[in-house]
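For the protein sequence lines, the chains are A and B, in the order given. Letter by letter, the first sequence follows residues 2 to 308 of the numbering used here. Letter by letter, the second sequence follows residues 2 to 308 of the numbering used here. Each remark here refers to the structure printed beneath this line.
There are 2 protein chains.
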Amino acid sequence: MSIIAVGSMAFDAIETPFGKVDRIIGGAATYISYAASNFVTPIRAVSIVGNDFPESEMNELKRRGVSLEGIEVVKDQKSFFWSGRYHLDMNTRDTLVTDLNVMANFNPVIPESYQGSDFLMLGNTLPSLQSSVIRQLKKRPKLIVLDTMNFWIESMPAELRETLSMVDVLMVNDSEARQLTGEFSIVKAARKILQMGPSHLIVKKGEHGALLFHENHVFFAPALPLEDVFDPTGAGDTFAGGFLGYLAKTRDISFENMKTAIIMGSAMASFCVEKFGPERLKEINQQDIDQRVQQFVELVQFDIDLV
Amino acid sequence: MSIIAVGSMAFDAIETPFGKVDRIIGGAATYISYAASNFVTPIRAVSIVGNDFPESEMNELKRRGVSLEGIEVVKDQKSFFWSGRYHLDMNTRDTLVTDLNVMANFNPVIPESYQGSDFLMLGNTLPSLQSSVIRQLKKRPKLIVLDTMNFWIESMPAELRETLSMVDVLMVNDSEARQLTGEFSIVKAARKILQMGPSHLIVKKGEHGALLFHENHVFFAPALPLEDVFDPTGAGDTFAGGFLGYLAKTRDISFENMKTAIIMGSAMASFCVEKFGPERLKEINQQDIDQRVQQFVELVQFDIDLV
Numbered sequence: 002m003s004i005i006a007v008g009s010m011a012f013d014a015i016e017t018p019f020g021k022v023d024r025i026i027g028g029a030a031t032y033i034s035y036a037a038s039n040f041v042t043p044i045r046a047v048s049i050v051g052n053d054f055p056e057s058e059m060n061e062l063k064r065r066g067v068s069l070e071g072i073e074v075v076k077d078q079k080s081f082f083w084s085g086r087y088h089l090d091m092n093t094r095d096t097l098v099t100d101l102n103v104m105a106n107f108n109p110v111i112p113e114s115y116q117g118s119d120f121l122m123l124g125n126t127l128p129s130l131q132s133s134v135i136r137q138l139k140k141r142p143k144l145i146v147l148d149t150m151n152f153w154i155e156s157m158p159a160e161l162r163e164t165l166s167m168v169d170v171l172m173v174n175d176s177e178a179r180q181l182t183g184e185f186s187i188v189k190a191a192r193k194i195l196q197m198g199p200s201h202l203i204v205k206k207g208e209h210g211a212l213l214f215h216e217n218h219v220f221f222a223p224a225l226p227l228e229d230v231f232d233p234t235g236a237g238d239t240f241a242g243g244f245l246g247y248l249a250k251t252r253d254i255s256f257e258n259m260k261t262a263i264i265m266g267s268a269m270a271s272f273c274v275e276k277f278g279p280e281r282l283k284e285i286n287q288q289d290i291d292q293r294v295q296q297f298v299e300l301v302q303f304d305i306d307l308v
Numbered sequence: 002m003s004i005i006a007v008g009s010m011a012f013d014a015i016e017t018p019f020g021k022v023d024r025i026i027g028g029a030a031t032y033i034s035y036a037a038s039n040f041v042t043p044i045r046a047v048s049i050v051g052n053d054f055p056e057s058e059m060n061e062l063k064r065r066g067v068s069l070e071g072i073e074v075v076k077d078q079k080s081f082f083w084s085g086r087y088h089l090d091m092n093t094r095d096t097l098v099t100d101l102n103v104m105a106n107f108n109p110v111i112p113e114s115y116q117g118s119d120f121l122m123l124g125n126t127l128p129s130l131q132s133s134v135i136r137q138l139k140k141r142p143k144l145i146v147l148d149t150m151n152f153w154i155e156s157m158p159a160e161l162r163e164t165l166s167m168v169d170v171l172m173v174n175d176s177e178a179r180q181l182t183g184e185f186s187i188v189k190a191a192r193k194i195l196q197m198g199p200s201h202l203i204v205k206k207g208e209h210g211a212l213l214f215h216e217n218h219v220f221f222a223p224a225l226p227l228e229d230v231f232d233p234t235g236a237g238d239t240f241a242g243g244f245l246g247y248l249a250k251t252r253d254i255s256f257e258n259m260k261t262a263i264i265m266g267s268a269m270a271s272f273c274v275e276k277f278g279p280e281r282l283k284e285i286n287q288q289d290i291d292q293r294v295q296q297f298v299e300l301v302q303f304d305i306d307l308v
């Protein structure tokens with residue numbers, strides 16, 4: 002089972018109430034790859050970087066079973082750079098700097114060796130680039146998952162709606178689901194989104210967990226209550242990587258299995274926020290993941306005995 | 002098994018994005034009683050009302066197994082009146098009017114017939130009145146549950162700390178838990194509160210569910226995703242009533258059973274918010290409750306099969 006992961010590979014400068022880092026590795030494709038490669042390989046990355054993206058990071062990804070053939074390296078430009086400051090609640094943040102650099106000319110080309118992949122994760126980027134990736138695939142993947150953000154919902158609604166019509170799972174946060182539909186109620190928003198193309202909707206609510214909608218079914222996965230959320234950057238992409246990684250490993254895209262996959266995604270995200278950047282994701286092993294998932298089981302399991 | 006429910010019985014005027022009502026029945030003791038009486042009787046109410054509290058409401062409570070002996074009726078005054086307006090997110094509200102009326106002289110006296118009760122629910126009121134109720138009980142109940150609010154945390158910290166040292170379960174919302182401890186992290190706040198007296202802490206997060214802390218254990222119960230939260234007034238008290246009602250019915254105050262009790266409380270609260278005031282709580286029957294609880298089971302249940 003193989004997963005194509007499309008998205009940025011970047012540098013981030015992050016300020017949280019717990020500290021500050023100047024220039025660390027970030028980007029959607031990076032986080033998705035680090036998370037998903039715990040479950041299956043190869044993860045086939047599609048991205049673009051400049052001449053400043055560290056060789057050591059590329060080697061680390063490769064070592065973990067991430068194919069780099071779909072990563073374009075632009076010799077005379079710099080990598081995408083984002084800088085942001087989180088508020089105390091960690092659910093909101095201000096963007097301080099966005100230097101697109103190489104991302105301004107991102108035009109993903111799917112290598113021949115990536116054809117026939119089973120899963121496709123479209124990280125947040127231009128909706129027209131996301132649909133272009135789908136069109137380049139000769140055989141439709143078993144499952145296509147889409148992430149997007151407020152900026153595209155506002156500035157490119159038509160392109161986004163077209164892309165939406167081509168995917169199976171939309172993954173957004175609660176405010177994006179509201180913005181996309183004009184509905185304040187997440188249940189009503191979900192109903193509308195499930196008529197736009199995706200058969201499944203995942204609404205991410207940060208420290209308040211995530212909801213999965215499909216037909217008339219809904220599933221809720223909590224976030225693990227943590228002492229400190231150190232840095233939420235990349236948590237959404239890590240969640241996506243864990244979710245798709247588990248589905249690929251189990252070769253089962255039923256609603257029932259997606260529930261467990263969301264718990265896996267939540268577990269991976271709970272590691273991600275414990276340190277700056279993808280640092281914590283590089284430290285954990287299978288035993289850590291199993292123990293963390295067990296904590297999720299204990300967190301929500303109860304015996305019902307109607308009396 | 003019997004429950005003493007201490008708290009206001011009042012009139013509320015409520016404005017939500019869905020409508021407005023001028024003067025409907027409200028109050029903590031009212032909601033607790035309507036919820037808990039689905040599980041056990043008698044519910045022994047302790048409250049104070051004026052000459053304007055409707056006889057019909059008293060009769061309805063009585064019919065459901067609520068003892069009224071502990072309710073003081075003041076002939077020449079009016080009942081407590083509260084008026085508030087909810088914001089669109091329904092988690093925040095502005096208080097427009099607070100007319101204490103009879104509540105200004107509330108000095109609960111526990112009738113002899115209430116002695117020997119197994120459970121005590123101390124609805125939100127002056128901390129010194131809450132501790133006075135505990136002192137009046139000749140035999141300590143199996144479980145004492147305390148609700149409080151920002152106003153008391155700020156204005157009467159010493160009295161509140163004394164009351165806290167006398168109870169088993171504190172039930173507050175997330176912002177109150179933060180305010181009480183000065184900790185932003187709910188996990189850290191919980192650790193501090195569990196050193197103040199209560200052996201259990203329930204943190205209510207409205208539409209984001211509730212957390213139960215005990216020693217090193219934590220349990221999370223989601224709120225049911227609803228199309229519309231029509232009116233959240235009384236949801237917290239209804240939750241408390243369902244929680245205690247279930248514990249009393251099952252005669253089991255273990256952590257494991259409290260998990261299920263929190264699901265029961267959440268189910269009762271999910272009915273409460275569907276209509277203005279306690280209206281919806283008067284309509285439901287055992288079958289409605291069973292069906293709603295089943296929805297909670299489906300909402301969070303997943304099969305874990307570590308692969």
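Just so it is clear, CB atoms sit at the ideal spot from N, CA and C, and this is done for glycine as well.
Residue nearest to S68/A in terms of C-alpha spacing, selected from D119/A, L130/A and Y115/A: Y115/A
Assigned secondary structure, T239/B (DSSP; H/G/I helix, E/B strand, else coil): helix
Proximity to P109/B [Cα-Cα], best of L130/B, F152/B, R94/B and D90/B: L130/B
Say whether chain B places a C-beta atom closer than 8 Å to the C-beta of T261/A. yes
Buried or exposed: which applies to H88/B, given that a residue is buried once 16 or more other Cβ atoms fall within 10 Å of its Cβ? exposed
Between I305/A and V298/B, is the Cβ-Cβ spacing less than 8 Å? yes
In the segment 204-217 of chain A, which residues sit with their C-beta less than 8 Å from some C-beta in chain B, listed in chain order? K206, H209, G210 and L212
Leaving aside the five residues before and after V308/B along the sequence, list all residues of the same chain whose C-beta is less than 6 Å from its C-beta, in chain order. Confidence in V308/B is poor, its pLDDT being 46 and thus under 50, which makes the residue's placement too unreliable to answer from.
Using a Cβ cut-off of 7 Å, which residues of the segment 168-201 of chain A contact any Cβ in chain B, in chain order? F185, S186, I187, V188 and K189
According to DSSP, is A224/B part of a helix, a strand, or is it coil? coil
Check whether chain A comes within 8 Å of E284/B, counting only Cβ atoms and requiring the distance to be less than that. no
Interface residues of the segment 215-238 of chain B facing chain A [CB-CB below 7 Å]: V219, F220, F221, P223, P226, L227, E228 and D229
Can you give, in chain order, each stretch of the beta strand (DSSP E) that sits fully within the segment 44-122 of chain A and has at least 3 residues? 44-50, 67-74, 81-87 and 94-100
L300/A: first and last residue of the uninterrupted alpha helix (DSSP H) it sits in: Q287 to V301
Excluding sequence positions up to five away, which residues of its chain have a Cβ less than 7 Å from the Cβ of I33/B? A6, G8, M122, G124, D238, A241 and G242
Can you tell me which of the three DSSP states V22/B falls into? strand
Figure out for me which residue from F231/A, E177/A and F152/A has the closest Cα to the Cα of R281/A. F231/A
Going by the beta-carbon positions, is the gap between D13/B and G207/B smaller than 8 Å? no
Under 9 Å by beta carbon: chain B residues contacting I264/A: F303 and I305
C-alpha distance - E257/A paired with L248/A, whole-angstrom precision: 11 Å
Three-state secondary structure (DSSP) of T261/A: helix
Which term fits T96/B, buried or exposed, when burial requires 16 or more other beta carbons within 10 angstroms of its beta carbon? exposed
Distance, Cα to Cα, D291/A vs D100/B? 55 Å
Taking 8 Å as the CB-CB limit, is V308/A close to chain B? Confidence at V308/A is low in this model, with a pLDDT of 47, below 50, so its placement is unreliable and no value can be given for it.
So, do the segment 200-219 of chain B and the segment 177-188 of chain B have three or more beta carbon pairs nearer to each other than 8 Å? yes
With 16 as the cutoff for other CB atoms within 10 Å, does T93/B come out buried or exposed? exposed
What separation, rounded to the nearest whole angstrom, lies between the Cα atoms of G210/A and V98/B? 35 Å
Check whether the segment 194-202 of chain B and the segment 58-77 of chain B touch, using three or more Cβ-Cβ pairs below 8 Å as the test. no
Between which two residues does the alpha helix (DSSP H) holding D175/A run? D175 to T182
Between which two residues does the alpha helix (DSSP H) holding L165/B run? P158 to L165
F39/B versus A29/B: straight-line alpha-carbon distance, rounded: Going by the sequence as given, residue 39/B is Asn instead of Phe. Going from the Cα of N39/B to the Cα of A29/B covers about 16 Å.
Determine, for L300/B, whether the minimum Cβ-Cβ distance to residues of chain A falls below 8 Å. yes
F244/A: buried (16+ other C-beta within 10 angstroms of its C-beta) or exposed? buried
For P112/A, I'd like the list of residues in its chain whose CB is within less than 6 Å of its CB, leaving aside the five on either flank, ordered along the chain. E70 and G71
Go through its chain and collect everything with a Cβ distance to A268/A's Cβ below 7 Å, but skip five positions before and after it. G243, I290, R293, V294 and F297
Is I254/A closer than 8 Å to K143/A when the C-beta atoms are compared? yes
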